[in-house]
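Residue numbers (this note's numbering): 21 to 374. Some notes on the structure that comes next.
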Ligand code: NAP
C-alpha cells in the first residue's frame, strides 16, 4: 500500500545540472544540485522499449570537462545547460519495457547525473549487463573494469606495443588510467616510472602499485632533467595523460623508435592555451611515433580486456585504488577536484546503496 502510494506520488529525483557552458577549468558553481520528482513506474514506459534506471555509482572523468564547452566538433556532443550532466554509471533496472533488460538487472553505461534516469531504446543498446561477482565490487566497473581501465589496456597494448625490458613512463600515474597502465606494463616485463602530484601519491605508486620508481612533478621545476635522472638510458614508451610541459620533457628523453600514446591533456586550462614545445625536433632523428587515440576505437578488444584484467585482479597481480565520494551532492566538487589532483585513484560517487 505504502509502495503504491509512493508510485502514485512519485519519488524524489536529485539531479546535478550544468548551469551554463564553461571554457576553462570548471568550478563547483558551474553546476547545481536540484531536487525534482519522478515516477518509479512511469505510465509512458509501456510500448516504448525504454528503461528506468536507479543510479548506484557515477564516474567522474576528465573528458566531461570537454562536454561542458559549447563546442560541437568533438567526438561527443556537449552537455545541455539546465539538464543533468551525463557520464558512465552503474545502475539497477527499476522498470523496463526493453526485451533485453528486466527489473533487478545491474547495468553499466551512459546515464544521467541524477538518482533515476529514463533511458531511450537507442541508449539502452549501449548498456552492458553486469554479472554479480562477490570478489568484484560493482563500482569497479567504472574504473578497473570500465572505460578508464580499458583505456589503459588499449593505449598500452594497441598503441604502444610494449616489449619485455622496455622503459615506460606514465604521467598522472596514480589516477584511474595511469595506475593500470603501470601495473600492466610491469606484468609485461617493462621497467616503469610514474609521475604524480603529491608525495602521498608517489608513495602509493612505489609501495602499493608496484612501480619501479616515481616522482612528484610539482617538486621538480625542470621536468626534462628529472626524466633524465629517472631514465638515464631514455624512454621507450611514454603514456601521456597530461600533455603540456610533461609531453615536451618526455620528447626530450625518448629513445630511438620510442612510442608516445597521447591519451589525454588534463594539464591544459583551455583548448586555446598556447603550448610551447621545445623538443619536437626529436621526432625525426629518433624516429619517434606519437599517436592520439580514443579507447572507443578499440572496443573489439573489450571482452579480452575484461577477461585478462579480472583474472589478474583475482590472482592478486593487480591492485586497484578507488576514491569514493558519498552522495550526489558531492559530485560537483569531486568532478572539479580531478583538475587539481584532489582524487587519489579512480574518482567515483556513490549515489545509492545496492
Ligand atoms: P585521473 O588521473 O584519475 O585524474 C586526473 C588527474 O590528472 C589528477 O588526479 C591529477 O593527478 C592530474 N592532473 C590534474 N591537473 C593536472 C595538471 N595541471 N598537470 C598535470 N596533471 C594534472 O584521470 P583519468 O580518468 O585516469 O584520466 C587520465 C587522462 O586520460 C586524462 O587526460 C583523460 O582525459 C584521459 N583519458 C583519455 C581517454 C581516451 O580514450 N583517450 C579515456 C579516458 C581518459 P596528479 O595529482 O598526479 O597531478
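Where is the CB? At the ideal position from N, CA and C, for every residue including glycine.
Short CB-CB distance (under 9 Å) between residue 369 and chain C: The displayed structure is made up of one protein chain only, and chain C is not part of it.
Residue 252 to residue 218 span [Cα, whole Å]: 23 Å
When 149, 201 and 186 are compared against residue 192, the one with the closest alpha-carbon: 201
Heavy atom of ligand 1 within 8 Å of residue 146 beta-carbon: no
Buried versus exposed call for residue 102 [16 or more other C-beta atoms within 10 Å across all chains shown]: exposed
Separation of residue 96 from residue 66, as counted between CA atoms: 30 Å
Terminal residues of the alpha helix (DSSP H) in which residue 233 lies: Where residue 233 is concerned, there is no enclosing alpha helix (DSSP H), although the beta strand (DSSP E) it sits in stretches over 233-236.
8 Å contact criterion, which residue 366 and residue 162 should meet: CB distance rounded: 7 Å
Whole-angstrom distance between residue 207 and residue 389, CA atom to CA atom: Any property of residue 389 remains undetermined from this structure, which presents the chain solely from 21 to 374.
Straight-line gap, residue 307 to residue 120 (C-alpha atoms, nearest Å): 49 Å
Buried versus exposed, by CB contacts within 10 Å (16 or more), residue 26: A caution first: residue 26 carries a pLDDT of 45, below 50, which makes its placement in the model unreliable, though a value can still be read off. Result: exposed.
Residue 281 - DSSP class collapsed to helix/strand/coil: strand
Simplified DSSP state of residue 113, which is helix, strand or coil: strand
Segment contact, 8 Å Cβ cut-off, at least three pairs: the segment 287-296 with the segment 142-153: no
Environment of residue 338 [buried if 16+ CB atoms lie within 10 Å]: buried
Cβ-based neighbour list, residue 346, same chain, cut-off 6 Å, excluding 5 preceding and 5 following: 370
Residue closest to residue 311, alpha-carbon to alpha-carbon, out of 258, 62, 40 and 184: 258
Own chain residues within Cβ distance below 7 Å of residue 87, not counting five before or after: 96, 98 and 99
Ligand 2 heavy atom lying under 8 Å from the CB of residue 192: For the structure depicted, ligand 2 is absent and the ligand set comprises only ligand 1.
Nearest candidate by alpha-carbon position, reference residue 256, set 212, 329 and 289: 212
Distance cut-off 8 Å: residue 273 Cβ against heavy atoms of ligand 1: no
CA-to-CA distance, residue 114 to residue 318, given in whole angstroms: 31 Å
CA nearest to the CA of residue 195, picked from 350, 348 and 340: 340
Close-in-space but distant-in-sequence residues of the same chain around residue 379 (CB under 6 Å, 5 per side omitted): With the chain covering only 21 through 374, there is no way to say anything about residue 379.
Supposed contact pair residue 166 and residue 79 - C-beta distance, whole angstroms, cut 8 Å: 7 Å
Among 180, 223 and 43, the one whose alpha carbon lies nearest that of residue 260: 180
Ligand 1 heavy atom lying under 8 Å from the CB of residue 109: no
Sub-9 Å separation of residue 266 and residue 287 beta-carbons: yes
Runs of beta strand (DSSP E) lying entirely within the segment 71-116, each at least 3 residues, in chain order: 71-79 and 106-116
CA nearest to the CA of residue 177, picked from 116, 283, 36 and 359: 283
Span separating the alpha-carbon of residue 278 from that of residue 123: 50 Å
Where residue 315 sits in the DSSP three-state scheme: helix
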